[in-house]
Amino acid sequence: SPPIRSMGCLCMLRPASALLLLLPATSLRVGGLPKLFQRTASPVTAREAALVSLLSDAFSAREPPNEAAAVAAVRDLSSACVPFDAARFGDGLWITVYTCGAETPRWQRLAQSRASRLLPSPNVAGQRYSFSDNGGRVLNYAELVGAALHITAGGAFEAVDAAQRCPKDFSVQIDGGTVCVGGLTLALPISGPGYLRVLYTSPAIRILTSLTRSPDRWEDAGLVAVQLPAERVAPDWVAP
Numbered sequence: 070s071p072p073i074r075s076m077g078c079l080c081m082l083r084p085a086s087a088l089l090l091l092l093p094a095t096s097l098r099v100g101g102l103p104k105l106f107q108r109t110a111s112p113v114t115a116r117e118a119a120l121v122s123l124l125s126d127a128f129s130a131r132e133p134p135n136e137a138a139a140v141a142a143v144r145d146l147s148s149a150c151v152p153f154d155a156a157r158f159g160d161g162l163w164i165t166v167y168t169c170g171a172e173t174p175r176w177q178r179l180a181q182s183r184a185s186r187l188l189p190s191p192n193v194a195g196q197r198y199s200f201s202d203n204g205g206r207v208l209n210y211a212e213l214v215g216a217a218l219h220i221t222a223g224g225a226f227e228a229v230d231a232a233q234r235c236p237k238d239f240s241v242q243i244d245g246g247t248v249c250v251g252g253l254t255l256a257l258p259i260s261g262p263g264y265l266r267v268l269y270t271s272p273a274i275r276i277l278t279s280l281t282r283s284p285d286r287w288e289d290a291g292l293v294a295v296q297l298p299a300e301r302v303a304p305d306w307v308a309p
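Residue numbers (our numbering): 70 to 309.
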């Protein structure tokens, strides 16, 4: 439920309004506002921008980011309890650029193998969520040799509560997968339940965690994944 707003915050509006009346008219012009009233980036916004830059640079360089900085930023953003907006959550593929909190998932080990460094660009692995009402469909996507060899796993998800702020929880039911080699697509017999918690989301970044082990142990419970939009870190990527 939304946090209770302190009445003290409302009371602060009146002295501030009165103070405005005492300011010289010239100080109220655009560009002439006293520092007290100038708009500055919130700590959350600044933290988000720093993490996006850190992780996108590391992804492009195919190197791990500064671990201490990444973990600290993920922790801070995850505790911010930002609003959850489904309309901004299900836009195209989001690439997983950093994980922590559990053993490296199997799909990430495959996507970031030594052989993958011979490819002209990094393998892409991530998710696409398509919302309808309180749930929808999720597609997990991971490349092994670029788009020429990739695997998918898809299923349905549904909100488990009416929370309007993060953390926001969803139940997931994977109902099938594929392995695609060139133009050949083969079915993968993968299915089972899962539980997703959205810790942080914005148009630029989202932080998710798995509360249960995924079907066929592709990732362990407690894994935290940080995702950025594909157009940010792989602007030339084209969906196969």
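From the three backbone atoms N, C-alpha and C, an ideal C-beta is built for every residue, glycine too. Treat the numbers as computed from the prediction; the structure is a model and nothing was measured.
Counted within 10 angstroms of its Cβ, other Cβ atoms place residue i as buried (16 or more) or exposed
i	result
Ala222	buried
Pro191	buried
Pro272	exposed
Gly246	buried
Gly251	exposed
Gln233	exposed
Ala217	exposed
Ala231	exposed
Ala303	buried
Ala138	exposed
Ala121	Contrary to the premise, residue 121 reads as Val rather than Ala in this sequence. Buried, because 16 or more other Cβ atoms sit within 10 Å of the Cβ of Val121.
6 Å CB neighbourhood of residue i in its chain, flanking five on each side removed
i	result
Pro370	In the structure as shown, the chain begins at 70 and stops at 309. Residue 370 is therefore absent and cannot be evaluated.
Asp289	Ala171, Glu172, Arg282
Lys237	Phe153, Val267
Leu91	Its pLDDT being 35, under 50, Leu91 is placed unreliably by the model, and the measurement read from it follows with that caveat. Same-chain partners within the cutoff: there are none.
Residue from the options with nearest C-alpha to residue i
i	options	result
Pro174	Arg234, Gly195, Val241	Gly195
Thr254	Ala138, His219, Val113, Arg186	His219
Ser50	Gln177, Val307, Val241, Val113	Here the chain has residues from 70 to 309 only, and residue 50 is not among them.
Arg197	Phe226, Asp160, Ser260, Val229	Asp160
Pro309	Val140, Ile274, Gly215	Gly215
Ala225	Leu213, Asp202, Trp287, Leu187	Asp202
Arg157	Leu187, Glu212, Asp126, Ile274	Ile274
Residue-chain proximity (residue i, chain C), Cβ-Cβ < 8 Å
i	result
Thr114	No chain C is present in this structure, which holds just one protein chain.
Close Cβ partners of residue i (< 7 Å) along its chain, the five nearest in sequence each way excluded
i	result
Ser147	Leu268, Tyr269, Ile276
Ala155	Phe200
Ala149	Val113, Tyr269
Trp287	Pro174, Arg175, Trp176
Every unbroken alpha helix (DSSP H) inside the region 155-227 [4 residues or more]:
DSSP runs (the alpha helix (DSSP H)) wholly in the region 155-227: 175-180.
With three or more C-beta pairs closer than 8 Å as the rule, is the region 154-170 touching the region 287-298?
Cβ pair count under 8 Å is three or more, so yes.
Contact between the region 257-266 and the region 126-133 is defined here as three or more beta-carbon pairs at a separation below 8 Å; is this criterion met?
With a cut-off of 8 Å, the region 126-133 and the region 257-266 do not count as touching, because too few Cβ pairs lie within range.
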